[in-house]
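**Student:** When we follow my numbering, the leftmost residue of the sequence shown carries the number -2, and every step to the right adds one.
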Amino acid sequence: MAKKVKSSFINMVLTLTIITVVASLALGSIYNLTLEPIAAAKKAARERAIKLVLPTFDSLNSFKVQIPADPELTAGNGDQDSLEFHQAFENGKLVGVAVSTFSNQGYDPTQIQIMVGFLPDGVIDSTVVTQQKETPGLGTKMTGEKFNGQFAGKNPAKFSLYVTKDGGQVDAITASTITSRAVCDAIRRANATFESVKKEGGTE
-2 MAKKVKSSFI NMVLTLTIIT VVASLALGSI YNLTLEPIAA AKKAARERAI KLVLPTFDSL
58 NSFKVQIPAD PELTAGNGDQ DSLEFHQAFE NGKLVGVAVS TFSNQGYDPT QIQIMVGFLP
118 DGVIDSTVVT QQKETPGLGT KMTGEKFNGQ FAGKNPAKFS LYVTKDGGQV DAITASTITS
178 RAVCDAIRRA NATFESVKKE GGTE
């Protein structure tokens, strides 16, 4: 009787082990199968955002640029020390640069991500929010034209990228000053990094 119980226990352990191994392999396979579609979707979304913030172009040159070592630009960034740059060309001529920037200063802990399009002279052509989980009906207004449209056509050298409450020229979203500040933070980060490249002749 004891041998039978022991044998049943061993069989149960073996069965559970096999089930666990098979399940793990299956989950691993499913995860690997989803990696490519997820990457493709992210690439497509990035390309759409670039097209939304820049003039017409026929080719892109993408690379990463280190964020300038300014405490205001690097505080709270964790290990994220660079931004993605996308130089856009039309018939071989640079027509703009799209910068994928971010802020960790939003109301929600989810990182705010924004694509900012700069013309070669540094003027902001347009901006589009690519990721946010701010408060519905309040912070989410950051994606609307009334707020987001304030940056189009502005040269950060002459337009202060701070909310008016902080002495700047950006009108904050009503009841969403934190979100508004986060957007300004992200765009300032993009502009400072763009200017660092411009000084080195990388936007000509």
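Even glycine gets a Cβ: it sits at the ideal position worked out from N, Cα and C.
For clarity, every value in this text was computed on a predicted model and none was experimentally measured.
1) Note down the Cα distance separating S26 from A37, rounded to an integer number of angstroms.
2) Quick one: grab the DSSP three-state call for E69.
3) Whose C-beta lies closer than 7 Å to the C-beta of V18 among residues of the same chain, with five residues either side of it excluded?
4) Please report the straight-line C-alpha distance between P65 and G134, rounded to a whole angstrom.
5) Please state the DSSP three-state secondary structure of N58.
6) Report the three-state DSSP secondary structure of D182 (helix, strand or coil).
7) Using a threshold of 7 Å, state whether the C-beta atoms of V113 and T132 are closer than that.
8) Looking only at DSSP bridge pairs, what is S79 linked to?
9) From S123, A23, G103, Q84, pick the residue whose C-alpha is nearest to that of R178; which is it?
10) For H83, collect the residues of the same chain with a Cβ closer than 6 Å to its Cβ; drop the 5 residues on either side in sequence, then sort them by chain order.
**Tutor:** Taking the coordinates as given:
1) 18 Å
2) helix
3) none
4) 34 Å
5) strand
6) helix
7) no
8) Q63
9) G103
10) I47, L57, S59, A95
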